[in-house]
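These protein sequences, in sequence, are chains C and P.
Heads up, the first sequence is in my numbering, so the first residue is 1 and it goes up one at a time.
Heads up, the second sequence is in my numbering, so the first residue is 463 and it goes up one at a time.
Backbone N, C-alpha and C define an ideal beta-carbon position, used for all residues, glycine too.
The structure displayed is predicted, hence computed values, not measured ones.
Structure, as C-alpha cells:
Protein chains: 2
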Amino acid sequence: MTTLPTPTHTYIDAHWDEHLERTRAFLRQPSISAQNIGLRETAALLRQWLEERGARVAYFGEEARPILLAEWDVGAPKTLLVYGMYDVQPVDGQNWTTPPFAAEIRDHPEGGESIVARGACNSKGPLMAFLHAVEALRATGGLPVNLKWTIEGEEEIGSLALPGFYHAQRARLAADAAFEPFWSQFTLETAPIITLGTKGVMGIEFTCRSGDWGGPREVLHSSLGPWVASPAWRLVQALSTLVNAHQELSVDGLPPLGTIEPEDEALLHKLAETFNAQETLTRLGAARFKRDRPPLEQLEHIEFAPALNINGLKSGYLGEGSHTIIPNEARALCDVRLPPGLKVQETFQAIKDHLARRGFGDIELRMDSGYPAAKTPLAAPVVQALIAAYRAHGYEPTIRPIEASATPYYLFTDVLGLPFAWGGLGAAAGSHGPDEWCSVEGLKALEKSLTTFLAAFAVQDF
Amino acid sequence: MTTLPTPTHTYIDAHWDEHLERTRAFLRQPSISAQNIGLRETAALLRQWLEERGARVAYFGEEARPILLAEWDVGAPKTLLVYGMYDVQPVDGQNWTTPPFAAEIRDHPEGGESIVARGACNSKGPLMAFLHAVEALRATGGLPVNLKWTIEGEEEIGSLALPGFYHAQRARLAADAAFEPFWSQFTLETAPIITLGTKGVMGIEFTCRSGDWGGPREVLHSSLGPWVASPAWRLVQALSTLVNAHQELSVDGLPPLGTIEPEDEALLHKLAETFNAQETLTRLGAARFKRDRPPLEQLEHIEFAPALNINGLKSGYLGEGSHTIIPNEARALCDVRLPPGLKVQETFQAIKDHLARRGFGDIELRMDSGYPAAKTPLAAPVVQALIAAYRAHGYEPTIRPIEASATPYYLFTDVLGLPFAWGGLGAAAGSHGPDEWCSVEGLKALEKSLTTFLAAFAVQDF
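Now the structure itself:
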C-alpha cells in the first residue's frame, strides 16, 4: 500500500469545509420514510450531486421513494457494488437537545465536536462520506474501480422493494464484491471492527384460537374453567415445548449452533482472550447470561446460536383490575435469530412440525418476514482490502465472524452472489434515538478511509 | 303446608297494579355504583318504603352508598337474615332497544310480557318482590318470622363494605338462616333450581420481572436473545407447570376435586341421568370439554374441580406489526375457582410453593381478592322451606350441590355462621347486558312464592 497521506487525502483536507457543509445540507433535508416526508426531494438532491460527480443515475421502483442506481464505469478491472440509504427514522416524541434537522455542530458528550442530526450516524453521514470519497478520487487521478451504487429510500420501513430490485437487476448489478460504507469504531482511539457476516431473522406470530381441539368460540365466563379449555393455556403449553430450561431454542431437527467454519473458530478463540463476562453483563443490563459458560462458548452462542424470542405476548383482558374470562384467542409475536446454516423456510417448517408432533398442529404460525444469515470468508479480497485500509491508517482491526444483529446482506451473497464487507473509520451513534451524532473528525476519517479502501480493493495490494 | 291460594296471595292479586307500578318506579331511579349515579336517592326511596312497611331502618358504611339494615322484630320464634342490593351495572355502550331507565312493559322474545330495565333481573326486581311480599304478609295476618334485611349499594363494584359490616354486626345480625330472594326458573314452565352452595374465587396476578435469575433490566434488542433470558419465556415456563396436559390445575398438594359429601354425590347421580353433553357444549360454544368423561364425572368437575384460568396475558409489544425486543416484564392475570375444601390462603400458598419448588420463586404473586366456597346441607330448614314452597306452587325443584360461578355466601356461613338458601319462582335475565328483563307474570310468581317460603320457614311445616 501507498504511504499516507495520499494526494486524495490531501484533496479531502483542502476541500473539507465544503464537504462538511454539503453533508450538513443533506442532513437538513428531512427524509422520513415512515411518514413519507421529503423522500422525493432528497432523492432529487442526491441525483444532482451524483451526476455532478460523473455518475450515470437511474431511478427504480416507486416514484415516491425511488431506488437510485448510480454507475461509474471507468473501465477498471474491478467493480464494486455499493449499498446506501437516504431515508431516516422519525423523530417524534424524542427529546432532542438541538433540532434534529438543524445539523448543528456542537460538543457531544460521547463524540466530541459532532454534527447532531437525524441521519448523521444512520446513514446519511456515511452516504455523504462515500460521495465525497468518489469526488476526491476522481479529482486526484480517477476512480480506481467501477462503481454501482444502489441507494434506497425505505430501509427504515423494511427495504420493501430492494430484494425485488436486486433479483430483477442481477445482470446489471454484476460486480466483484459488495460494500456498505459505515462507521466501525467506538472512538477514533479504538480498534475498528470487521465482521464477516450477519445473522438472519424471521418474524413468526403464533396464534391459538378456539377450535376443534376445544376452547370457547366467544370469550366465556371463567366460572366455566373446569369444563372449557383456553387458547391462552394452550399457547403457553405449546410455546414451552420450543425452548429448554435455559430458554434456548429446542426444536426437533434444529441444531443448538449454526455452521461454524474453522476460520470462525480461530477468530472466536482470539476474541475469547479478551472477553469480559462481567463487563458484558453490565453493558446488557442483565444479572446473568442464559447459561454460565466459558468465554469461547459464550461467543459461539451470541454469534452462532439460533434464538427464539418472544417480542410480545397477548391474550384476554389487558387492562387494569380484573375481568374473569376465558379468552378465545392468544397470540405470541416472536422472532427467530438465524445463524449461518439455518434457512428461513426450513426453520419455520421445523417449528411447525415440532408443534404438530406434540399435538399443537392447530396453532397458526404466520411468518412476517424473514431472511437468512450472510457470510463472507476472511480471505475475500473485499475483506482483505478493508483490513489493509485500516492498517494503512494505523489501526489493527478486531475481526468477528458474525454480527448478532440481523442485516439483509443475504441480498449480496444469495441474490447477487457477491462476497461483501462493510466498514470505514470513524465513530457515530444514536441511530433511531434523540441527539443522533457523528464526530466531525470521524466523518473526515471515514471519507479518507473509504478512498484508501477503494484504492486497495482496486489493486488488491495487500 | 296450607293449600294455595292463601289470603296473602289473594292480597297480592288485588294490589298487583300498585306493586307493579312501584317496582317500575324503583327501576326508573338509576343507581349505578361504578359511576356513583343515584345511589343516595335510591337508598332514601328504599328507606321510605321500608319504613312505610313497618321496618326499623338504619344506615351503615359510607354515606354516599349506605348499607341499609331493615329490621322487623315481630317476636316470632324464627329469624331470617335477608340479603339484597340496590345498585346496578352501567349501561354505556350497550345496544338497548328501549331506554334502560324507562322500565317499559313490552313483549320480550324470551320473557313474553316483561319489564325491560337495568336492574329488572339483577336485582331491583327481586328486591321489590321481597318488599311487597313483606307488605302482603303484614296485611294478611302479620309477618310469620322476624326479618333482618341487609341491603347494599355496591355489589356491582365488589361489595367492599359488606364483609366488614357483617363481621362488625355479627351479634345484631344473629338469625336462624340467611336468604337471598332471586329468580330460579328459565321460564314459568321449567323446574326451579335450588343450589346448595357456591364456589369461591381468588384473583392472582403473576408477574415475572428481570432480576437475579437473569433477564434485561430494560427492554433489550432481541438480537441479544442467545445471551439474555426473557421474563416472557420464564412466565410461560412457570405457568405451564401449574396445569396438566388437559389444562387442569395440577399443583402440589391441591386435590383434583374439592370435598364432595355423600348427599352431593347422590344429587350429582340424579343430575347425571339427564345430562346432555352435546347440548351443554352447544350452549357453551365449545367443540369439546377439557376432557371427555362420563356425565357423572363431568358434573363432578364443573361443580367440584378447582380451575386456574388465565384471564389476561401480556408482555412486551402489544401493538400491530413487529418490534424485535426482549421484554423486561411479563404478567398473567388469573383466577382460581375454589370448590368446597380449598381455602383461599392455603391455595395461594400452594401455588407459590409449587413454583418455588421448581425454581420460579422470583415470580411475584399478588392476590387481588379472594373468598372461599360456601355450602349448606340439604337438610337445613331454610332449604327445606324453599323446597316446600316450590312444591306448594306445584313445582318439583332440581337440586344441585354447587353453583359453578362464585358468590360470597361464605359471609353467611363463615362470618355469620348461618345456613342459607336463595330462590323464588319466576324468570328474568340479561344481567349486565342490554335489554335486561323480568317477566311480569314471573315477578308476581316471585312475590307470591316468597310469602309461601317465609310462611314455610316460620312453621317449619315440611
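If residue i sits next to residue j, beta carbons under 8 angstroms apart, how far is it from one beta carbon to the other, in whole angstroms?
i                 : j                 : result
Ile864 of chain P : Lys661 of chain P : 6 angstroms
Asp824 of chain P : Ala287 of chain C : Contact flag wrong, Cβ pair sits at about 11 angstroms.
Glu667 of chain P : Arg828 of chain P : 5 angstroms
Gly523 of chain P : Ala623 of chain P : 4 angstroms
Pro306 of chain C : Pro339 of chain C : 6 angstroms
Glu156 of chain C : Val88 of chain C  : 7 angstroms
Inspect the beta-carbon positions of residue i and residue j and report whether they are closer than 9 angstroms.
i                 : j                 : result
Ala889 of chain P : Gly904 of chain P : yes
Tyr833 of chain P : Pro789 of chain P : no
Ala58 of chain C  : Glu447 of chain C : no
Leu239 of chain C : Val383 of chain C : no
Ala868 of chain P : Ser223 of chain C : yes
Ala272 of chain C : Pro397 of chain C : no
His594 of chain P : Thr485 of chain P : yes
Pro69 of chain C  : Lys124 of chain C : It should be pointed out that residue 69 of chain C corresponds to Leu in this sequence rather than to Pro. It is not a contact, given that the beta carbons lie outside the stated cut-off.
Arg679 of chain P : Gly285 of chain C : yes
Glu525 of chain P : Arg490 of chain P : no
Ala601 of chain P : Thr465 of chain P : no
Leu804 of chain P : Leu729 of chain P : no
Lys906 of chain P : Trp478 of chain P : yes
Can you check DSSP and say which residues form a bridge with residue i?
i                 : result
Trp437 of chain C : C:Val116, C:Ala429
Met829 of chain P : P:Ile666
Ile864 of chain P : For Ile864 of chain P, which the question treats as bridged, DSSP gives no partner whatsoever.
Thr660 of chain P : P:Ala836, P:Glu865
Gly673 of chain P : P:Gly676
Leu800 of chain P : P:Gly662
Tyr545 of chain P : P:Thr612
Gln185 of chain C : C:Ala427
Leu775 of chain P : C:Ser315, P:Ala794
His683 of chain P : P:Ile787
Ala389 of chain C : In the DSSP output, where bridge partners are listed per residue, Ala389 of chain C has none listed.
Asp107 of chain C : C:Glu113
Do you know offhand how far residue i's Cα is from residue j's?
i                 : j                 : result
Pro688 of chain P : Ile655 of chain P : 58 angstroms
Thr504 of chain P : Ser495 of chain P : 11 angstroms
Glu513 of chain P : Ser315 of chain C : 50 angstroms
Lys290 of chain C : Gly720 of chain P : 40 angstroms
Ala851 of chain P : Phe915 of chain P : 5 angstroms
Leu878 of chain P : Gly546 of chain P : 16 angstroms
Leu450 of chain C : Val145 of chain C : 12 angstroms
Val243 of chain C : Glu180 of chain C : 35 angstroms
Arg820 of chain P : Ile351 of chain C : 26 angstroms
Asn773 of chain P : Leu308 of chain C : 25 angstroms
Arg423 of chain C : Gly142 of chain C : According to the sequence displayed, residue 423 of chain C carries Gly and not Arg. Taking the straight line from one Cα to the other gives about 22 angstroms.
Leu425 of chain C : Ala385 of chain C : 13 angstroms
Gly781 of chain P : Ile12 of chain C  : 47 angstroms
Cys796 of chain P : Gly665 of chain P : 6 angstroms
Glu263 of chain C : Gly677 of chain P : 32 angstroms
Gly153 of chain C : Asp292 of chain C : 43 angstroms
Glu110 of chain C : Phe165 of chain C : 38 angstroms
Pro528 of chain P : Met590 of chain P : 18 angstroms
Phe924 of chain P : His221 of chain C : 37 angstroms
Label residue i either buried or exposed according to how many other C-beta atoms from any shown protein chain fall within 10 Å of its C-beta, with 16 as the threshold for buried.
i                 : result
Arg799 of chain P : buried
Asp435 of chain C : buried
Ser831 of chain P : exposed
Gln760 of chain P : buried
Phe822 of chain P : buried
Phe304 of chain C : buried
Gln510 of chain P : exposed
Ala14 of chain C  : exposed
Asn557 of chain P : exposed
Thr187 of chain C : exposed
Thr736 of chain P : exposed
Asn584 of chain P : buried
Pro562 of chain P : buried
Gln247 of chain C : buried
Gln699 of chain P : buried
Does the CB of residue i have a neighbour CB from chain A at under 9 angstroms?
i                 : result
Gln556 of chain P : No chain A is present in this structure, whose protein chains are C and P.
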